[in-house]
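Here is the structure we will look at, set down as structure tokens.
Residue numbers (my numbering): 23 to 745.
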């Protein structure tokens, strides 16, 4: 059988010896084959991000060597202005992208006075024109806030065109190139995609080409689905017979879609339906949660081979922070059997339920419960500050999801010094827990966390025990009975006994269905105050193991410690196996930092605001400064913002603008320097500010290009500093 080749960019036919396309200059592709090794007489699939018409139809970095070259006819053609017959109505402002034989222009609609996207079919082809018309009919019938809107359609100089809504934000592909979204952002985007898909399915339309480059994010963050050029009416044309022009009568199925996002039935050329779009949505959600392409390869056939042969991994296998609930949602959508996948409505309902749980406990508190100050420089947030603990909603929900999972008994929370672990625990996690399901107790570790835990549980257990003693004093009984009835925790003879801790927990007598949550914060102190192999460390590990492995208890434990000490807790992790889950706390993202900066202005009790756009600029400056210094952003933001508020009040203003930010303080760096100088010059330091600076340097060390860690110093070394 002879083979044919087609340029992946301009679809010019190529002969066997051509190494570069004579039309556009792009490197010629290899032979295009079906999965059985044969070559159909149909237009080949063009690549993982090629079939769409948005900006992301442009080549990816991996395709750089294959892209059209400047000076080629193709390059010049796509710089062409709007067709002359449309010039009286549309003023060209630029090229947004190209693909599928068409170009998408950014234009000003002179008749209506608004910017729109103008999609023009460059070369008239009966097959492409028919697909263009079909897309117009589909878009015209989809009046939905989550679908890119169609304003007009027609033919100009023999070129079909569509006038569509202009989305000013990036595509999802561009967003993913900036880094993995938070789980909250990923679920919101997926929910928006499903709203568009549900609207299409309700009209019998199957998109068939859902992928990140066909999803646009507007300036409000809403996702909108575009490019229905490959869409089908389910049940009517459900079998993929997209034969190329001139191939009338062909009954052999042809692949239509984008490799890496196609459902198994698409790859096999079998009938497609609504479940096909659910699979693609699952692939997109998997990619957002993990930050990686689910099916990657160097070529179209390479991607299809990987997709056909690979076992789909759960998102948590790639990103351990993904909770089980999201794993299950994604894997349901990626089921190989189309009949077993959920409908768009079912999957959307599950995602909305997840989002609602993420907001549990995050509702604004009444103004009377707000702290006196809108920001907390160098102070951890407490439960009473929950209304101001902003920007970490996704992490809070992930923690709650982990704790609600039956398999998680011990959750280890770790991160760099100053990242906000204590605040996340006290002002984020605990207020978000359902009080009908959890009874939470939190304590600081200190040198002997087992003793601290013993004392806390003893005090809690003595309350019901004392009430029982008044009615019927104990006589004999278990070791716990005798301990509770005859001694106090401060007695010299009462030492923490790890194996009796479960008995002590049982004496708390919590209401049925309620789980005891024990959170031990700053647990690195166990390591810094005790030598390796100390009985204090071994006894604590044994106590946690006893609690986690007890089948009689409904108890969960959260351990919080600095990241550099994580290796010291590996023995406990090995003992507990699947009962132990790790949760790394990363630097807050830019969106979260903006929320932490701007959020307090929504509380009327504080009576101030930022000028529009300043919180975003402030967040960018703070992240730049902290990345260069190895510090963490949230504490610095609290310092800088508290300085700005103080300065604003001193001038009698009610808003913070660029003049105050730049002129008075010199930006984020200036505000931070001023705060440090004020602290070191305060009465608490008197004449020892210089010595304090030396001690701070001695007690911290920064990895080259990385974060700052604590550093041990001998007492004699510190005492040798000059006064």
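Beta carbons are placed, not taken as given, at the ideal position from N, Cα and C, and that holds for glycine.
Below 8 Å, how does it come out for the segment 443-461 and the segment 543-559: are there three or more Cβ pairs, yes or no?
yes
In the DSSP assignment, what are the bridge partners of residue 581?
Looking at the DSSP assignment, residue 581 forms a beta bridge with 434, 542.
Beta-carbon contacts of residue 339 that lie in its chain and below 7 Å, excluding the five residues immediately before and after
Answer for residue 339: no residue qualifies.
Just curious, the beta strand (DSSP E) that residue 637 is in, first and last residue?
Segment 636-651 is the alpha helix (DSSP H) holding residue 637; no beta strand (DSSP E) there.
For residue 119, which beta-bridge partners are listed by DSSP?
Within the DSSP secondary-structure output, residue 119 pairs in a beta bridge with 126.
Note down the Cα distance separating residue 617 from residue 607, rounded to an integer number of angstroms.
18 Å
Quick one: using the 10 Å Cβ neighbour count with 16 as the cut-off for buried, is residue 375 buried or exposed?
exposed
Run the CB neighbour count on residue 304, radius 10 Å, all protein chains shown included, and call it buried at 16 or more, exposed below.
Residue 304 is buried by the Cβ-count criterion.
Give a yes or no on whether the C-beta atoms belonging to residue 345 and residue 423 are separated by under 8 Å.
With contacts defined as CB atoms closer than 8 Å, residue 345 and residue 423 qualify as a contacting pair.
For the segment 186-201 against the segment 350-365, are there 3 or more C-beta pairs whose distance is under 8 Å?
Result no; under three Cβ-Cβ pairs closer than 8 Å.
Here's the rule I'm using: 16 or more other beta-carbon atoms within 10 Å means buried, otherwise exposed. How should residue 167 be labelled?
With fewer than 16 other Cβ atoms within 10 Å, it is exposed.
Quick check on residue 573: does DSSP put it in helix, strand or coil?
Annotated three-state conformation of residue 573 is coil, per DSSP.
Check whether the Cβ atoms of residue 216 and residue 370 sit closer than 8 Å, and answer yes or no.
yes
CA-CA distance, residue 662 and residue 610?
16 Å
What residue range is occupied by the uninterrupted beta strand (DSSP E) comprising residue 684?
Neither: residue 684 is in no beta strand (DSSP E) and is coded neither H nor E.
Alpha carbon to alpha carbon, how far is residue 619 from residue 634? Give it in angstroms, no decimals.
13 Å
Mind listing, in chain order, the continuous beta strand (DSSP E) runs of no fewer than 3 residues lying wholly within the segment 394-445?
432-437, all fully within the segment 394-445.
Would you be able to state if there are at least three C-beta pairs under 8 Å between the segment 312-324 and the segment 390-400?
The segment 390-400 is not in contact with the segment 312-324.
Boundaries (first-last residue) of the alpha helix (DSSP H) holding residue 136
Not the alpha helix (DSSP H): residue 136 falls in the beta strand (DSSP E), residues 136-143.
Under the three-state DSSP convention, the category residue 246 falls into
strand
So what does DSSP say about residue 179, is it helix, strand or coil?
The three-state secondary structure of residue 179, taken from DSSP, is coil.
Assigned secondary structure, residue 610 (DSSP; H/G/I helix, E/B strand, else coil):
Taken through DSSP and simplified to helix, strand or coil, residue 610 comes out as coil.
Name the residue from 599, 613, 287, 578 whose alpha carbon lies nearest to the alpha carbon of residue 412.
613
Beta-carbon proximity list for residue 628, same chain, < 7 Å, skipping 5 on both sides
396, 622
Residue 592 - containing alpha helix (DSSP H), residue span:
Unbroken alpha helix (DSSP H) run through residue 592: 592-598.
Determine the direct distance from the alpha carbon of residue 292 to that of residue 110, and round the result to whole angstroms.
46 Å
Where do the N-terminal and C-terminal ends of the alpha helix (DSSP H) with residue 340 fall, by residue?
337-340
Roughly how many angstroms lie between the CA atoms of residue 451 and residue 295, to the nearest whole one?
42 Å
Where residue 173 and residue 137 are concerned, what is the direct C-alpha to C-alpha distance, given to the nearest angstrom?
Within the model, the alpha-carbon separation for residue 173 versus residue 137 is close to 12 Å.
From 595, 524, 539, residue whose alpha carbon lies closest to that of residue 573
524
For residue 361, tell me which candidate among 637, 299, 655 has the shortest Cα-Cα distance.
299
CA nearest to the CA of residue 577, picked from 237, 342, 431
431
Buried or exposed: where does residue 301 fall if 16 or more other Cβ atoms within 10 Å of its Cβ makes it buried?
buried
What does the Cβ neighbour count give for residue 330, buried or exposed, with the cut at 16 atoms within 10 Å?
exposed
How about residue 436 and residue 584: are their beta carbons less than 8 Å apart?
Cβ distance < 8 Å, so residue 436 and residue 584 count as in contact.
Whose C-alpha, out of 175, 254, 434, is nearest the C-alpha of residue 158?
175
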